[in-house]
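These notes are about the structure you will find just below.
Residue numbers (my numbering): 14 to 147.
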């Protein structure tokens, strides 16, 4: 799903990070939205919003292959495709993910959060985001 395809009425904001795999070992890296991130096969990737979005009703990720997965903020949520929600819950306005053992490939990861009250648009300039690799 591209930013242009998102429904503004659903008040979605998206974080896009281009992930590239390299043969050199990765170290702890932080990047702003839209910057390339170099990963090594097997790395753990964290993506999350750095500022509150208000009360959320949804947090999801679109993987480089185009698959979209909703990230449940409940403690009992089942991990899907090595992805888990990161944050203090939808009520805190936090949307993030942890991707374990990333595989080789190049593509965009899009993190999308929808607010309950509709105050947020698709404009990524309203939030600061990071990609963190360990």
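All C-beta atoms in this analysis are idealised placements derived from N, C-alpha and C, irrespective of residue type, glycine included. Note that this is a predicted model, so its numbers are computed, not measured.
Listed in chain order, the non-local C-beta contacts of residue 99 below 7 Å within the same chain comprise 59, 61, 109, 110 and 111, local neighbours out to five positions each way being set aside.
Following the DSSP letters along the chain, one finds residue 70 inside the beta strand (DSSP E) bounded by residues 69-75. Taking a contact as a CB-CB distance under 8 Å, the pair residue 68 and residue 129 counts as one, their CB atoms being some 4 Å apart. Selection 126, 122 and 127 evaluated against residue 77 yields 122 as nearest (Cα-Cα). Distances from the alpha-carbon of residue 96 to those of 86, 127 and 70 put 86 closest. Between residue 124 and residue 107, the alpha-carbon positions lie close to 11 Å from each other.
The C-beta of residue 56 has 16 or more other C-beta atoms within 10 Å across all chains shown, which makes the residue buried.
Beta-bridge partners assigned by DSSP to residue 103: none are found. Secondary structure at residue 128: strand, using DSSP grouped into helix, strand and coil.
Cβ contact annotation for residue 70 (same chain, cutoff 6 Å, sequence separation greater than five): 127 and 129, in chain order.
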